[in-house]
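This report refers to the structure that appears directly beneath it.
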Amino acid sequence: MHEKESFGALFNGSLRGLLAEDEYKKLAQSLTGSWFAVTVDDGAGRVETIDDKAAAARMLSMLGDVKSKNLLSATFPYTYVHTPENPQMVKMYDPLQSSACGSSGRPVAWLVLSKVKPTPEELEAMAPKEKKKESGFFKRIMGE
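Next comes the structure, spelled out in C-alpha cells:
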C-alpha cells in the first residue's frame, strides 16, 4: 500500500480535465465518503468537512451557476480531477474568473474537493497573490 499524497502534491500534480458536462455530472454523483471543501475566493482560505451528498450538491449548484450565465464558451465549471475512477482531489474553476495573462499569475480555484486536508501553509499558497505596485510596461510607455 502506498502512502497518501499531500494536498500540495495533489493540487500541483497532474490532473485530468473534464471535457463534457455528462462527465461532470457523473463525477459529482460518484463521489463517496468525506471530503474537505477548500475555498480561497476572497483571499482567505476556508476548509470545511462535508459528506459525499453535500459535495455532489455543491458541484451541481456550481453547474447551475454556470448555466445561468448563458456562456457560449462553457456549460459547466472548468474541472480537473485526480484519477476519475478513485478521485482524491477535484478542482473547479469559474469560467468567468479563469484566465491569466502571461506570467501574471494563475487563476484561483472556485472550489477544491480533497480527500486530504491542506496544511495552513498549503492553504496560504493557494490564495491569490497581491499584484506588485511597480510601474509596468504600459505605465512606462504612457509616462504615468
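Residue numbers for the sequence shown follow this note's numbering, beginning at 1 and rising by one.
Glycine included, every Cβ here is placed at the ideal spot set by N, Cα and C.
Since this is a predicted model, take the numbers as computed values, not measurements.
**Study point:** the segment 53 to 62 in contact with the segment 24 to 35 per 3-pair CB rule at 8 Å
**Key:** yes
Review point. What beta strand (DSSP E) runs, 3 residues minimum, are completely inside the segment 76 to 115?
Key: 78 to 81, 89 to 93 and 111 to 114
Review point. Below 7 Å between beta carbons: does that hold for V40 and A127?
Key: Their beta carbons are under 7 Å apart, which means V40 touches A127 by this criterion.
Point to revise | Beta-carbon gap between E77 and M92 smaller than 7 Å | key: The sequence given here places Pro at residue 77; Glu does not occur at that position. Contact: yes.
Point to revise | Selected residue, minimal CA-CA separation from L72, among P95, M62 and G64 | key: P95
Check your understanding: Is E145 buried or exposed, if buried means 16 or more other CB atoms sit within 10 Å of its CB?
Key -> Residue 145 is absent from the structure shown; the chain starts at 1 and stops at 144.
Check your understanding: Whose CA, out of K129, N86 and A44, lies closest to the CA of L111?
Key -> The residue with the shortest Cα to Cα distance from L111 is A44.
**Study point:** Extent of the continuous alpha helix (DSSP H) run through E121
**Key:** P120 to M126
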